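Here is the structure we will look at.
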Amino acid sequence: MFFKTSSTIYQECTENIISTIHEPLIILDRNLKVLSASRSFYDIFKLKAEETRGQIIFDLGNKQWDIPELRELLGNVLLSEAACDNCEIDNDFPDAGRRVLHMNARKIKMKPESDGVIFLAMNDITSKKISEEKLGKLAAADKSAGDAIIVINPDGIIESWNRGAETAYGYTAADVIGRSISLLMFPGYSNEYKELLVRGSDGEPSQMYETQRIKKNGETVSVLLIISPVKNKSGIVIGDSIVARDIIDSSEMEIRLEKALEKLEIIKIYEKEAREFPESIINTMSEPLLTLDKDLRVLSVNRSYTGLFMVDPDEVIGNFIYDIGDKQWNIPGLRELLETILSQNSCIINYEVEFDFPAIGRRVILINAREILRASGKEQTILMTFENITARKDIETGIEKTRKELEVIKKTADEVSEFAESIINTVREPLISLDQDLRVVTVSRSFYEVFKVRPEETVGQLIFDLGNKQWDIPQLRELLETILPQQSSFENYEVEHDFTTIGRRIMLLNARQIQRASGKERIILLAIEDITNRREVENGLEKTRKELEIIKKTADEVSEFTESIINTVREPLIALDQDLRVVTVSRSFYEVFKVNPEETVGQLIYDLGNKQWDIPGLRELLETILPQQSSFENYEVAHDFTTIGRRIMLLNAAIEDITERKEIEAGLEKTRKELEVIKKTADEVSEYAESVINTVREPLISLDQNLRVVSVSRSFYEFFKVNPEETIGQLIYDLGNKQWDIPQLRELLETILPKKASFDNYEVEHDFTTIGRRIMLLNARQIQRASGKEKIILLAIEDITERKEIEIGLEKTRKELEATKISEDESREYAESMIDTVREPLIVLDQDLRVVTASRSFYEVFKVNPAETMEQLIYDLGNKQWDIPKLRELLETILPLKATFDNYEVEHDFTNIGTRIMLLNARQIQRVSGKERIILLAIEDITERREKRTAKVKSEFLANMSHELRTPLNSINGFSEVLFDETFGPLNEKQKKYVNNVLTSGKHLLLLINQILDMAKVEAGKMTLALSNLPMKNLLNEISMLVADMVSKKKLHMLVEIADDLPDIEADELKVKEIIYNLLSNVVKFTPEGGKIGMCAKKTDSGIEITVWDTGVGIASENMEKIFEGFFRVDTPYSRVTEGTGLGLPLSKKLVELHGGMLTVESAGLNLGTSVRFTLPAVSMEAH
Amino acid sequence: MGKKVVVVVDDNLNNLLLEKDLLEVAGFEVFEAENAADAIAIIKKEIPDIIIMDVRLPDMRGTEAARILRRNQETSHIPIVFVTASVMAEGKEEIEAIPNSGFIGKPIDTRTFVKDISLFFKV
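Written out as structure tokens, the structure reads:
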């Protein structure tokens, strides 16, 4: 080591620094040829050292470095000797992809006479840039807020002044706007701006300018100005914008660093130029850099280090690294790195440390460290670089977090929308949602029920066109077209309309216009409350009340009349019933006998006035005389009354003249009866009303005028969890342990209602102890009671908590979703596309086995369309072809017992798609709403799978059969042959003949097996053709030779006519031979001895035609069809049937067809001969 | 050289006998085996000039036995003629995959059998 020259040591030192640095670094000579480059440069740009060194930088990597900005940058550095910092180049490299680089260039002179080299450091900020771009999309962060941005007009008058300017100069916007920019300048400098402005007004683009300015408090501030012209639309310069960056800190730091470096005495020993070399590398780096000695004390730091960690070089250099910045560098990760890892490896790359610095907050830092030989050569030092990846990490974390939040939101949105949907279907009120063109998007079940329309004629329709345009209601048009565009919601808009299908209806329309989460569209939710019945009941009650009033009046008149008669008579008068109890008494009676009404009416007459009326004479009259005589006059009775003394009375029992009374009584009776009828009607009406009340899901309560509960609907008890005994008769405010004492309710009942007889949709929010916070819409009606004087208040309570919550939830979700720029459509599409992606047909049935929905694949597989499917009974689908007994069994018998059923196999012959084998998987699902159940039916079509299996089983069977039959035949034929050939000794004639019979039969059997297999193969489509060129003339002659023996044996005459121009064809040789041999052997077989047979072959347009004919038995016309069926043989007296297999002709036909030819048989009739004609194309294509 | 040695493998005793007779008449020394395991043992011991083997054997497929023989250095060169009743195209590949092998379908032609077998000696 001692022998090394200082320059070698520096060389090594430089190389070390270069390889430690994470930043790509390249050193160029003055001709811009590469002297050396850092490892990371090669890594990032995928270049090799040997193909880089000595090259002009622009030629690197197939000239991909020929970037105009780089040319400009290097040109400037070469010419001006200046340094260039953070020149951003955004280039798409063919090899390394898009890269955003911050270029720092320095020209460094090694010796005064030398040409010097250029250091080009590249800070690869691609990922940061991309992250920033992403971040920019996620949240518009005002990055330039730290810089002062000032706009001036051409006269130098300040026109705008931002927060940054305020911070930098101390003036507020109000202080400076309208004043000259020279305010900020030193008096002598005022011309400086003019020069700049002149350049600016020439439209020169932004330029950087370093100068000094005066702050409001008189202090001087060093600033870096970026001045760019402000142009109007037509391109004329109308001012300048000035971005001022406070550079005092960075320039100061440079000075300090310089000082700090000078402190290092060891370095001073060496020539200055040599020292400059590595130091300038350090300072060229925009990456924070730090060198440590072996005791972990800081030797030097660069500008960006002090900038990033906001420390003063003076307090860093010479300090123990852990003590920097008030010990904030005492990071466990760093200790581990320096003390454990570095002592084992001399170099560490990309060690990630996350730490919360007290001064600058949390940072994630990538540390690269390397032990190097310090220039002096004696001590080990450690070079560390720090890459601040906090922002990148934060962005990554942010993106991850956002993604997770989105997931949660998506889930919530799904849940909410599911919930909303189930509510829509639960609500008895018809509900319809429209898009912005007023076309129906969705409709609740009850809408269909109430308005007697069907989904297929509703969804997608213009609302006014529904039900044959019967919805074209002027008031509805007004609401939807005029009111709603102005108000986003509208409640209880009353519409009366005469529908053709369901008659006159009074409806309350509640409309809400909802901005869809996805953004552009809006939908209108329209709830239709049919209040026809309510109105009718109200009207009915009113009518009854009026009638009752009239009746009551009549009755009052009648009784008044009677009473007035009684009271007009001056004589004391008393009316008794048959039990002698007092019915009525005249005023004068009370006066005379000094009794009062309450101790008189209803009493036994004898008991009156303390039994003083128990007079024997009176008893006699009433009990003895009167029953015999209907009247009695002037019956004299003397009696000593305790109260009034002795009286002699003349009693007249006036029963006689009751005509008038009877009439009155009859009138009363009539009235009473009428009243009864009325009462009955009223009862009926009220019963009806009550049942309506109880049917309505809305809680309903009626109060008397003292606000005490008179009656309550069932749903009220259910909803508010109270029971009748603690409710009826109670003050409404006291209900449920006073939890109903709601200020808004008090206001409604005590202030508003006394003034207005009805009040609708009074929104009340209250936190009930039993059921939690509720938002209710109160509708109140004050009703005059039928009975007359009293008032009663009917209070309908609509719980809109959920609705509100859903609205709020939806709104919240919408906002969140919007903020993250993910449309709700995506999530919905996701679910939908999932269903539609499933290849299995899927169908949903309601409990009546009607189709609710079906998947796309269902329509595709079963060739039906949605319109003829929806709402239909499953059995009726596709013209009742779904009425499958096994499906009925599954749906009606099995499913009610078991909620799920898998792999239920059903085979059915569909008229439009043929026989299908299906596996049904069924699930019965209880709907959230409660009572209803739906059935999910997945249908897997296994027809093809099954067919394949069947084919496979069949072909395996054939292969096995073939094998099993051939094995014994091998013995039969083999041994017969051996015997027949007399291999093991001679046989006698009979033995030989018999053995030959065995052999013949065996061979016949073999032929049969082969033909059966061939037939099966052809039918299974497994027979393939081995095509070759066939010399047909030779082939035909050859085959005719084969049968020559048989022909001569039967003494037949054979005529073979082969056309001279018969062409060769391309076909399967063995099969063509088989066809011809089969046909020839047939004609031989079926022709009697001495007959004629023949074969004729000629050329046709497309190939050849061969006819094989005979004069034999022929074929009866009725058997023409059967000859191709197989195993059919024409009965013949000339030929033994055992000779043929009956498969020759059918197999030949199949083989001809396999070649793409045709085979026909002609016969004039029985015993008139047969001719078989077939064609073969010139070139056979395999036809199936 | 003395007699050519042949090992015949077939689980059907009648077929085994037939093939043995035909070969003995033609002057071969014949060893018989009814299953693949016995066959392999005999072949390793006798190192025949040719092997005649059925494909469907009770313990393994003839082609499998052939692969075992091919792996053994002493038996790897011996020609194998598969005589099988499985004549459908499906089983052909497994036979073709065995080097130095041939195929004769059942039922055999007793008049040409020995001649067909002899063709394989030349290989």
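Chains A and B, in that order, are what the protein sequence lines are.
Okay, so the first sequence: first residue is 1 according to my numbering, each after it adds one.
Okay, so the second sequence: first residue is 1 according to my numbering, each after it adds one.
Just so it is clear, CB atoms sit at the ideal spot from N, CA and C, and this is done for glycine as well.
Fair warning: this is a prediction, and the values are worked out from it, not measured in the lab.
Spatial neighbours of I67 (chain A) within its chain, please: C-beta separation below 7 Å, excluding the five flanking residues on both sides.
I89, N91
Output, in chain order, the set of chain E residues within a Cβ distance shorter than 7 Å of G974 (chain A).
The structure shown contains no chain E; its protein chains are A and B.
Report the residues of the stretch 978-997 of chain A with a CB closer than 8 Å to any CB of chain B, ordered along the chain.
V978, D981, T983, F984
Would you identify the three-state DSSP class for G914 (chain A), choosing helix, strand or coil?
strand
Given L1080 (chain A) as reference, the closest of A:M1054, A:E1162, A:D1060 once Cα atoms are compared:
A:M1054
Which residues of chain A have a Cβ atom closer than 8 Å to the Cβ of N15 (chain B), listed in chain order?
T967, N970, S971, G974
Rounded to a whole number of angstroms, what is the C-alpha to C-alpha distance between Q461 (chain A) and N468 (chain A)?
11 Å
Would you say the stretch 1068-1076 of chain A touches the stretch 1044-1060 of chain A, given that touching needs at least three Cβ pairs under 8 Å?
no
Own chain partners of D1014 (chain A) with C-beta closer than 6 Å, once the 5 adjacent residues on each side are dropped:
L1147
Please report how far the alpha carbon of M610 (chain A) lies from the alpha carbon of Y590 (chain A), in whole angstroms.
The sequence as given places Asn at residue 610 (chain A); Met does not occur at that position. Between N610 (chain A) and Y590 (chain A), the C-alpha separation is close to 14 Å.
For I95 (chain B) and L1006 (chain A), what's the separation of their Cα atoms in angstroms?
23 Å
Could you tell me the alpha carbon to alpha carbon distance between T1192 (chain A) and D614 (chain A), rounded to whole angstroms?
Outside the modelled stretch of chain A, which goes from 1 to 1184, sits residue 1192 (chain A), for which no answer is possible.
With burial defined as no fewer than 16 other Cβ atoms inside 10 Å of the residue's Cβ, what is the status of D43 (chain A): buried or exposed?
exposed
Host beta strand (DSSP E) of F186 (chain A) (start-end):
Per DSSP, F186 (chain A) belongs to no beta strand (DSSP E) and is neither H nor E.
Using DSSP with H/G/I as helix, E/B as strand and the rest coil, what is Q881 (chain A)?
coil
Which residues of the stretch 1021-1050 of chain A have a Cβ closer than 7 Å to any Cβ of chain B? Give them in chain order.
none
Answer yes or no: does any C-beta atom of chain B fall closer than 9 Å to that of L1070 (chain A)?
no
Taking Cβ positions, are T919 (chain A) and I843 (chain A) nearer each other than 9 Å?
One detail in the question is off: residue 919 (chain A) reads as Leu in this sequence, not Thr. No, the pair does not count as a contact, with Cβ atoms beyond the cut-off.
So with CB distances below 9 Å, who are the chain A contacts of N12 (chain B)?
T967, P968, N970, S971
Can the beta-carbon of L292 (chain A) be found closer than 9 Å to that of I382 (chain A)?
yes
A1164 (chain A) to F1174 (chain A), Cα distance in whole Å?
18 Å
Can you look up L78 (chain A) in the DSSP assignment and give me helix, strand or coil?
helix
CB contact flag (A124 (chain B), L57 (chain B), <9 Å)
Residue 124 (chain B) cannot be examined here, being either before or after the span of chain B that is shown, 1 to 123.
Does the distance from the CB of I108 (chain B) to the CB of V83 (chain B) come in under 9 Å?
yes
D11 (chain B) in three-state terms, based on DSSP:
coil
Check for me: the beta strand (DSSP E) holding I939 (chain A) runs from which residue to which?
933-941
Skipping 5 residues on each side, what residues in its chain have a beta carbon closer than 8 Å to that of E64 (chain B)?
A36
Endpoints, the alpha helix (DSSP H) within which L1035 (chain A) is located
1032-1049
Determine, using beta carbons only, whether L1168 (chain A) comes closer than 9 Å to chain B.
no
Step through the CB atoms of chain A and report whether any lies within less than 9 Å of the CB of R56 (chain B).
yes
R454 (chain A) burial status per 10 Å Cβ neighbour count (16 or more: buried)
exposed
Would you say S962 (chain A) faces chain B, with C-beta separation under 9 Å as the test?
yes
Confirm, please, whether the CB-CB distance from I771 (chain A) to F719 (chain A) is below 9 Å.
yes
State the Cα-Cα distance for the pair Y994 (chain A) and P1088 (chain A), rounded to the nearest angstrom.
26 Å
Would you call the stretch 473-480 of chain A in contact with the stretch 492-502 of chain A, where contact means no fewer than 3 C-beta pairs closer than 8 Å?
yes
What do you reckon, are the CB atoms on L1151 (chain A) and I1075 (chain A) nearer than 9 Å?
yes
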